[in-house]
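In my numbering, the protein residues as written are -9 to 295.
In this text, a Cβ means the ideal position worked out from N, Cα and C, and glycines have one as well.
Source: prediction; values computed, not measured.
Structure representation (structure tokens):
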């Protein structure tokens, strides 16, 4: 991008069928389009935690609709998205976002790896490294190191080789593919924004524009009229991290304010939204969704009963 160009985060509409196609079955390519690491770095430099969080929420929410009946797959895939949230939003992981992007790009730009995605392809990784040194591959140099030692891309995501990690990698593959598909499209749009002009859509980082639909939002039960919240580990992680504004991050300020005007309230501790007016009990003017939240509220405010 030339100097003087104002860099803006790429925007993404929930109706953008290039990213969120309305298919009956989950369909995602087995390889991710190549993008330059330097372009990702430029995007990452102007990104915000809110933008990354909503990108991850949307990617996970879309995929969850296709795998929700497979409890093991949903559980382990949620672990993958929680890890992505820790890396890109919370920045509390051994490896940073650049390390993760390099590892994921390397794995998914080699078709045999994205098909199998198992540690048995470790020797193939070594072969590609050798080819890179001889200038025989288009891949950018993979250089994730710890204490001067090159760390294989598989290890960045899943840890040391082992039967359990092999199984986890295979099950989590679609989650990482979904995330990288979305990210690759956004990075390429970010690079071409000057030539293509502005693209209409919903900005992840603008609350007055953000309002996800029921295909790409947490708590699908909210839209079914179910009075009982059914939360996954991913749901809880998002709510805990953004506490007490998690519902605003997920649904958007505009949506929450509309609900407030309709008599809906939020749990004062965790920020959970009522599914019906007066659903949550109240203690000394404090709304709470569970006894656990009430106890934490009392501790936080140093209130003795």
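Can you look up residue i in the DSSP assignment and give me helix, strand or coil?
i	result
residue 221	coil
residue 276	strand
residue 59	coil
residue 256	strand
residue 135	strand
residue 140	strand
residue 263	strand
residue 37	coil
residue 294	coil
residue 46	helix
residue 85	coil
residue 24	coil
residue 76	helix
residue 238	helix
residue 7	coil
residue 282	helix
residue 233	coil
residue 103	Low confidence applies here, because residue 103 scores a pLDDT of 48, under 50, leaving its location unreliable; read the following figure in that light. The answer is helix: DSSP assigns residue 103 an H, G or I state.
residue 246	helix
residue 270	coil
residue -2	coil
residue 15	coil
residue 171	helix
residue 152	coil
residue 287	helix
Whole-angstrom Cβ separation of residue i and residue j, contact assumed at under 8 Å?
i	j	result
residue 22	residue 174	5 Å
residue 68	residue 222	6 Å
residue 93	residue 172	Actually they do not touch by this definition, with Cβ atoms about 17 Å apart.
residue 36	residue -1	6 Å
residue 254	residue 164	Not confirmed; about 34 Å, so no contact.
residue 84	residue 180	Wrong, their Cβ atoms sit about 27 Å apart, outside the cutoff.
I'd like to know if residue i contacts chain B, where contact means its C-beta is closer than 8 Å to some C-beta of that chain.
i	result
residue 22	Here chain B cannot be found, since the structure has a single protein chain.
Please tell me whether residue i and residue j are closer than 8 Å, where the distance is taken between their beta carbons.
i	j	result
residue 252	residue 235	no
residue 158	residue 148	yes
residue 162	residue 54	no
residue 77	residue 39	no
residue 98	residue 167	yes
residue 10	residue 178	no
residue 34	residue 87	yes
residue 75	residue 49	no
residue 263	residue 273	no
residue 267	residue 278	no
residue 258	residue 276	yes
residue 227	residue 72	yes
residue 89	residue 31	no
residue 96	residue 132	yes
residue 295	residue 287	no
Closer than 7 Å to a non-hydrogen atom of the ligand MG - does that hold for the CB of residue i?
i	result
residue 72	For the structure depicted, the ligand MG is absent and the ligand set is empty, with no information on it obtainable.
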